[in-house]
Amino acid sequence: MHMPASTAHPASPGAARQVTAAIDKRLDQRLFKALSDSTRLLVLSCLVKCGRPCSASEVAECCEVEFSVVNKHLKMLAAAGVLSAEKRGRTVWYAARCGDLCARLALLIDAIAEWCPNLTSPRGRRFGRPCCSPALRGD
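So, in structure tokens, the structure goes:
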């Protein structure tokens with residue numbers, strides 16, 4: 001996202017609110033709540049590794065967690081858009097929505113990277129805006 005030249009410096013209170021609002025728009029609270037539980041992460045991991053739609057019983061067996069517990073977590077992950085859920089007969093088949101999940105996380109990464117001064121990625125790519133305030137640079 002490219003900010004217009006008229007945007008105030010991020011160190012000013014008005015600009016800080018603008019930056020925070022831009023990042024907040026990309027924070028999907030339902031997504032992060034869904035990913036904040038270790039059992040849900042285990043469930044997601046099992047589905048990603050499986051690579052195909054699975055029933056709640058298959059996921060429970062894979063995760064070695066009780067069916068009722070897994071079923072509750074599957075529903076929450078599906079409601080947050082992390083999983084797809086398709087009912088066929090009496091069985092609901094769940095699958096990880098890997099592409100959508102990566103895209104949603106990338107939006108947050110892009111928002112943070114744009115405003116973090118002198119941020120360098122693990123691969124050495126430079127992100128962020130150079131900071132022009134000596135106080136913020138630590139000079």
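Just so we're aligned: the sequence shown equals residues 1 to 139 in this note's numbering.
Just so it is clear, CB atoms sit at the ideal spot from N, CA and C, and this is done for glycine as well.
Residue from the options with nearest C-alpha to residue i
| i | options | result |
| --- | --- | --- |
| Gly81 | Leu31, Cys50, Cys102 | Leu31 |
| Gly89 | Leu107, Ser55, Cys116, Pro13 | Ser55 |
| Gly95 | Lys72, Ser38, Arg104, Leu47 | Just to set this straight, residue 95 is Ala in the shown sequence, not Gly. With distances taken between Cα atoms, Ala95 lies closest to Leu47. |
| Lys49 | Val70, Cys116, Cys98, Asp110 | Cys98 |
| Leu35 | Gln18, Thr91, His73, Trp93 | His73 |
| Ala60 | Trp93, Glu86, Lys87 | Trp93 |
Alpha carbon of residue i to alpha carbon of residue j, nearest angstrom
| i | j | result |
| --- | --- | --- |
| Glu58 | Leu41 | 16 Å |
| Cys62 | Leu101 | 22 Å |
| Glu114 | Ala106 | 12 Å |
| Pro53 | Ser84 | 9 Å |
| Thr20 | Leu44 | 29 Å |
| Thr39 | Phe67 | 12 Å |
| Glu86 | Val65 | 22 Å |
| Lys33 | Asn71 | 17 Å |
| Pro13 | Gly51 | 47 Å |
| Thr91 | Gln29 | 29 Å |
| Asp37 | Cys116 | 28 Å |
Sequence-distant residues of its chain with Cβ nearer than 8 Å to residue i (five each side left out)
| i | result |
| --- | --- |
| Ala5 | Confidence at Ala5 is low in this model, with a pLDDT of 44, below 50, so its placement is unreliable and the value that follows should be read with caution. Closer than 8 Å at Cβ, skipping near neighbours: no residue. |
| Leu27 | Leu108 |
Burial state of residue i, where buried means 16 or more other Cβ atoms lie within 10 Å
| i | result |
| --- | --- |
| Leu77 | buried |
| Ala79 | exposed |
| Val69 | exposed |
| Ala103 | exposed |
| Pro130 | With a pLDDT of 49 at Pro130, under the threshold of 50, the predicted position of this residue should be treated as unreliable, though the coordinate-derived value follows. Its Cβ having fewer than 16 others within 10 Å, Pro130 is exposed. |
Cβ shell of residue i (< 6 Å), same chain only, five flanking positions each side left out
| i | result |
| --- | --- |
| Gln18 | none |
| Lys75 | none |
Subject >> Ordered list of alpha helix (DSSP H) runs contained in the segment 14-88, each at least 4 residues >> reply: 29-34, 38-50, 56-63, 67-79
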